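Numbering (mature numbering (1 follows the signal peptide of the UniProt record, and there is no 0)), first residue to last: -24 to -1, 1 to 247.
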């Protein structure tokens, strides 16, 4: 049966226009852009398998290789944004958490704060908390330490607590506050992307490829083969949604066009 290219194109257009204008569901390993095109984007890298979690330097390298940097938090507002993402990730109500499996469980997340010890003698004493700097070079002074942290000593890299099943300590539940830890410990991590670099990375022809959806004026991407749970933003830009769904179909349409042309050429040759 000859390939009806016109009918297939019509089917693709119908499928695109039927994309539901509901919340876009995101799984861990996807990049979530919040607050419009001028706001940063984030990727929550959560590993259910504890043996797959990484040390601090590995997390830094993973984010940099993906075009971002390990998370720096500039303000209380950004801290709340990250908390909201982790709450959605944990809830099991969205993303890849299937029935009976629930959401994510205990597992702290590396952020891009680390202690840079003084190597030269100085006349002024610098306290330990003041030695912590962001790996992306930002100078934000916002901190969200848990009670009595940082403890310093041999612990020079920082995690955001995520232990929902742990009994509260003197500083409250171990959720979202910061703690210094040994840099060789294995944890999940959070990457942060500048809007421009994210959009560039999103359309690149990476070996794994990316699935893209817009949500609430933001963009969500997923690297192929990743299956760990994440966050939701509400859809609100149907025009952009149509654009980002159509763009990935272009290679498929070209392939269909070539196949159709080949089929027609063979039919003509037989005649």
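Cβ atoms here follow ideal geometry from the backbone N, Cα and C, with glycine treated the same way.
This one's a predicted model, so the numbers in the text were calculated from it and none came from an experiment.
Alpha-carbon to alpha-carbon, residue j and residue i
i: residue 116; j: residue 10; result: 20 Å
i: residue 46; j: residue 236; result: 47 Å
i: residue 104; j: residue 230; result: 59 Å
i: residue 121; j: residue 146; result: 13 Å
i: residue 57; j: residue 243; result: 59 Å
i: residue 34; j: residue 232; result: 42 Å
i: residue 108; j: residue 129; result: 13 Å
i: residue 67; j: residue 24; result: 14 Å
i: residue 52; j: residue 60; result: 12 Å
i: residue 125; j: residue 13; result: 35 Å
i: residue 55; j: residue 119; result: 9 Å
Where residue i falls: helix, strand or coil (DSSP)
i: residue 116; result: coil
i: residue 10; result: coil
i: residue 87; result: strand
i: residue 103; result: coil
i: residue 128; result: coil
Presumed contact (8 Å Cβ cut-off) between residue i and residue j, rounded CB distance
i: residue 48; j: residue 83; result: About 20 Å separates the two Cβ atoms, so there is no contact after all.
i: residue 18; j: residue 8; result: 5 Å
i: residue 27; j: residue 65; result: That belief does not hold up - the Cβ atoms of residue 27 and residue 65 are roughly 20 Å apart, past 8 Å.
i: residue 85; j: residue 41; result: Between residue 41 and residue 85 the Cβ distance is about 18 Å, and since that is not below 8 Å, they are no contact.
i: residue 15; j: residue 171; result: 7 Å
i: residue 162; j: residue 30; result: 6 Å
Reference residue i, options the options, closest by Cα
i: residue 50; options: 160, 26, 113; result: 113
i: residue 106; options: 243, 33, 81, 132; result: 132
i: residue 164; options: 14, 240, 12, 62; result: 62
i: residue 166; options: 246, 160, 152; result: 152
i: residue 6; options: 233, 245, 168, 242; result: 168
Chain C within 8 Å of residue i, Cβ atoms only
i: residue 149; result: Protein chain content of the structure displayed is limited to a single chain, and chain C is not contained in it.
Residue ranges of each beta strand (DSSP E) within the stretch 139 to 169, 3 or longer: Scanning the stretch 139 to 169 from its first residue to its last, the whole beta strand (DSSP E) runs of 3-plus residues come out as 151 to 157, 164 to 169.
Runs of alpha helix (DSSP H) wholly within the stretch 8 to 62 (minimum 4 residues, chain order): You should have 32 to 41.
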